Structures are given as C-alpha cells and as structure tokens.
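Quick notes on the structure that follows.
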Amino acid sequence: MFDPRDLDVPVVAAPMAGGPTTPALVSAASGAGGLGQLAAGYLTPEKLASDIAAVRAAGTELFGVNIFVPETDPVDRAAVARYRERLLGYAAALDVDLPAVDELGDDDDHFDAKIALMCDERIPVVSFAFGCPPAPAVAELHRHGCSVGVTVTGVDDAVLAAEAGADWLCVQGPDAGGHRSVFDRRAIPPSQPLDDLLRAVRGRLDLPLVAAGGISTRDRADHVRASGATAVQVGTVLLRTHEAGTKPAHADALADPARTETVVTLAFSGRPARALRNRFTDEFGEAAVAEYPAVNKLTGGLRRATADDPDGINLWAGTGYRDAVAEPAADTIGRLG
Ligand SMILES: Cc1cc2nc3c(=O)[nH]c(=O)nc-3n(C[C@H](O)[C@H](O)[C@H](O)COP(=O)(O)O)c2cc1C
Numbered sequence: 006m007f008d009p010r011d012l013d014v015p016v017v018a019a020p021m022a023g024g025p026t027t028p029a030l031v032s033a034a035s036g037a038g039g040l041g042q043l044a045a046g047y048l049t050p051e052k053l054a055s056d057i058a059a060v061r062a063a064g065t066e067l068f069g070v071n072i073f074v075p076e077t078d079p080v081d082r083a084a085v086a087r088y089r090e091r092l093l094g095y096a097a098a099l100d101v102d103l104p105a106v107d108e109l110g111d112d113d114d115h116f117d118a119k120i121a122l123m124c125d126e127r128i129p130v131v132s133f134a135f136g137c138p139p140a141p142a143v144a145e146l147h148r149h150g151c152s153v154g155v156t157v158t159g160v161d162d163a164v165l166a167a168e169a170g171a172d173w174l175c176v177q178g179p180d181a182g183g184h185r186s187v188f189d190r191r192a193i194p195p196s197q198p199l200d201d202l203l204r205a206v207r208g209r210l211d212l213p214l215v216a217a218g219g220i221s222t223r224d225r226a227d228h229v230r231a232s233g234a235t236a237v238q239v240g241t242v243l244l245r246t247h248e249a250g251t252k253p254a255h256a257d258a259l260a261d262p263a264r265t266e267t268v269v270t271l272a273f274s275g276r277p278a279r280a281l282r283n284r285f286t287d288e289f290g291e292a293a294v295a296e297y298p299a300v301n302k303l304t305g306g307l308r309r310a311t312a313d314d315p316d317g318i319n320l321w322a323g324t325g326y327r328d329a330v331a332e333p334a335a336d337t338i339g340r341l342g
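Counting along the sequence shown from 1, when you hit position 234 you're at 239 in the numbering used here, and nothing is skipped either side.
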C-alpha cells in the first residue's frame with residue numbers, strides 16, 4: 006500500500022477542486038516522481054470516473070483521489086438568508102437570480118457513491134478534506150487496498166483522523182491557498198505556524214506527515230521536510246502550470262503586481278479559504294457566514310457570471326503565489342523535490 010515515505014520525489018500535487026486539477030496535471034505530477042491527486046469535490050461520480058479513466062489511459066498507475074467529507078452540522082437557514090439578502094443588489098446588477106434558501110439545503114457531494122467508486126477502481130491513494138472520514142469508510146477503503154490520507158489543521162483533528170484509521174496525514178498550515186480543512190467549518194482556523202503544527206502533531210502521532218501551506222520554494226520545502234514532514238503538498242505554485250485548468254482570470258491575477266495581499270474569507274463558499282484579496286472579498290467578507298455548502302451554492306451563479314472578472318471570482322491563493330510560474334508541472338515538481 007502507498008506510503009508517502011516511498012515517493013521518488015517527495016512532492017504531492019494538491020488536489021484542487023473547481024477546475025485547476027486536470028487528469029493531465031495528475032499524470033504530470035506522478036510522472037515526475039511525485040504524487041498527483043484528482044479532486045473529486047463538486048464532481049458527479051460519473052465525471053470522476055471519466056477523470057480516473059483519463060489518468061489511467063495516460064499510463065499513470067500511482068495517483069490519488071481527494072474527497073470532501075460531508076458536513077454533519079445542519080445548515081443555519083436564517084444565517085444563509087441574511088447573507089443572501091446582503092448579496093441581492095450585487096446579483097441584480099449582474100442579472101443573476103440567487104437561489105432561494107430552501108434550495109440550499111445540505112448536500113453530501115455524493116460521498117457514498119464516491120467511496121464505492123474508490124473501492125471498485127482500487128484507487129491507490131484516497132485523501133479526505135473538510136472533515137474526518139467515518140471509520141467504516143476508511144476500513145472499507147483499506148479492504149480494497151487504498152491508502153488513506155486525511156488533511157488536518159490542528160492536533161485534535163489529527164488525533165481524530167488517526168483514530169479513524171488514517172495511514173498518513175496532510176498537515177495544512179495557515180498559509181495554505183484555498184479552503185482550510187478545519188473539521189468544524191464554524192471554528193476559527195488555527196493560526197499556528199506550519200512548523201509548530203508539524204512539531205505538535207509529530208509529538209502526538211507516529212504517522213507519516215505531508216506538510217502543506219505556502220510552500221513554494223526549494224529552501225522552504227527542504228526546511229519543512231527537515232522538520233518532520235515526509236513530503237510537501239503544493240497547490241498554489243501549480244496553478245499557472247501548463248497542465249492546470251485554472252481559469253485565465255485566476256492564473257493572470259496570481260502574476261498581477263497589483264494583487265499584493267491574500268485574505269482568509271468565507272465570502273465565496275461559507276468555509277474559510279485563503280484567496281487573493283479582490284472586490285468581492287472586500288465587499289462581502291464581513292457579512293459572509295460559515296454555512297458551507299449552502300453559501301457555495303448561493304454564490305455559484307455570481308461566480309459563473311463573473312468568470313472572466315478577477316474581482317468577482319474566488320482567486321484561491323496561498324501566501325507563496327508570487328512563485329507560481331507558467332511552465333510544465335514536472336519542472337515545478339522537480340524544483341521542489
Ligand atoms: C485552487 C485550490 C483548490 C484547492 N482544492 C482543494 C481540494 O479540492 N481538496 C483539498 O484537499 N485541498 C484543496 N486545496 C488545498 C490544498 O490541498 C493545499 O492544502 C494547499 O494548496 C497548500 O497550500 P499552497 O496553496 O500554499 O501550496 C486547494 C488549494 C487551492 C489553491
């Protein structure tokens with residue numbers, strides 16, 4: 006079974022849901038000796054199956070699939086209604102009809118069907134974000150030969166993941182781009198620096214640790230690996246690579262000298278996520294509520310209507326975004342490994 010300590014190149018390509026991760030990016034990362042991971046989040050099981058087939062058709066045997074763990078806490082409809090109200094004027098100006106609050110109920114992102122697909126396809130590596138996978142699901146994956154990783158942002162969550170049967174952990178620090186993988190979406194994401202968090206998790210658990218968050222240079226990757234991580238996981242630094250499916254407005258914004266700041270915001274999805282600061286985060290960051298996935302669905306039409314406008318979309322970015330280069334992903338992976 007996969008163990009991150011066995012990677013030829015100790016670099017894991019972050020799964021990046023919403024478009025940036027493509028089968029080509031996964032194959033490029035694994036082909037470079039690292040580990041590529043498909044991002045199953047938001048996909049139907051059918052689309053995920055076709056992405057898996059594309060990765061395998063490219064001859065890639067070792068790769069991962071990342072799955073979102075569904076929320077267990079029910080949506081707070083009143084909070085969603087308040088945020089919806091706040092977005093109405095902006096939506097009207099874009100000629101977008103916001104969905105009604107009743108249409109924004111809880112949604113498990115096809116969790117059971119995706120676990121069944123992992124088992125049927127005997128996917129070598131299955132990683133989880135946004136929560137702790139239930140122990141029976143982990144056991145079922147183990148029975149099918151899948152190595153199970155869980156993303157954690159704090160020691161308590163790390164212990165829960167180990168108890169559920171995780172084989173390795175992705176330890177995500179506060180500089181990470183995209184969503185913070187806090188198990189409780191309403192918790193303030195821990196601000197403990199990655200190096201301290203790694204030490205704290207290492208002090209409690211003996212599992213292999215993959216470190217993530219703001220890692221964009223060889224020096225930083227070496228430092229993190231010397232501090233107890235087996236490998237690094239990088240997302241932002243791959244967003245401008247040739248194989249990534251990042252929206253052009255997002256890829257360009259990462260290189261725009263006028264974009265000088267990242268912020269952690271609930272505004273787009275209702276889960277804390279680090280993004281380049283833009284007009285949407287400025288206008289709605291304070292009013293937003295921690296109601297994922299309802300808020301994600303609420304803002305979906307707005308983001309589609311502004312797909313070419315860097316001030317309307319979620320420009321997920323970790324603090325190392327300046328080091329994201331337009332080049333083959335294998336070159337990026339090689340530089341960090
Ligand atoms: C655009 C984008 C999308 C992401 N989507 C996912 C995802 O679907 N699943 C996941 O576990 N992590 C996701 N992440 C977080 C990464 O796994 C990782 O923690 C993060 O990229 C590390 O920080 P860095 O971006 O500074 O390298 C995403 C990150 C970015 C930048």
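Yeah, the Cβ is synthetic: ideal placement off N, Cα and C, and Gly gets one too. Since the model is a prediction, treat every value here as computed from it, not as a measurement.
Arg10 has its alpha-carbon roughly 16 Å from the corresponding atom of Leu341. Three or more Cβ pairs closer than 8 Å define a contact, and the stretch 151-165 meets that threshold against the stretch 182-190. For Ser35, the closest C-alpha among the options Ala19, Thr49 and Pro25 is that of Ala19.
Here the alpha carbons of Leu93 and Leu12 stand approximately 49 Å from one another.
Put simply, the backbone Cα of Gly110 is about 9 Å away from that of Asp81. The three-state secondary structure of His184, taken from DSSP, is strand.
Of the residues Gly136, Pro75, Asp172 and Thr156, the one whose Cα lies closest to the Cα of Leu146 is Asp172. Residue pairing of Ser132 in beta bridges, as defined by DSSP: Asn71 and Gly154.
The beta carbon of Ser152 sits closer than 6 Å to the beta carbons of Met6, Phe7, Val130 and Asp172 from its chain, once the five residues preceding and following it are set aside; these are given in chain order. CA-to-CA, the gap between Lys252 and Ala45 works out to about 18 Å. By the neighbour-count criterion, in which 16 or more other beta carbons inside 10 Å mark a residue as buried, Thr49 falls on the exposed side.
Ser32 has its alpha-carbon roughly 6 Å from the corresponding atom of Val60.
Of the candidates Ile57, Leu53, Leu67 and His149, the residue whose Cα lies closest to the Cα of Asp114 is Leu53. Bridge partners of Thr267 according to DSSP: Leu281. Residue pairing by DSSP puts Gln238 in a beta bridge opposite Val17 and Ala217. Rounded to the nearest whole angstrom, the C-alpha separation of Arg284 and Ser196 is 24 Å.
A direct Cα-Cα distance of roughly 18 Å separates Ile120 from Leu67. Cys137: not part of any beta strand (DSSP E); DSSP gives it neither H nor E.
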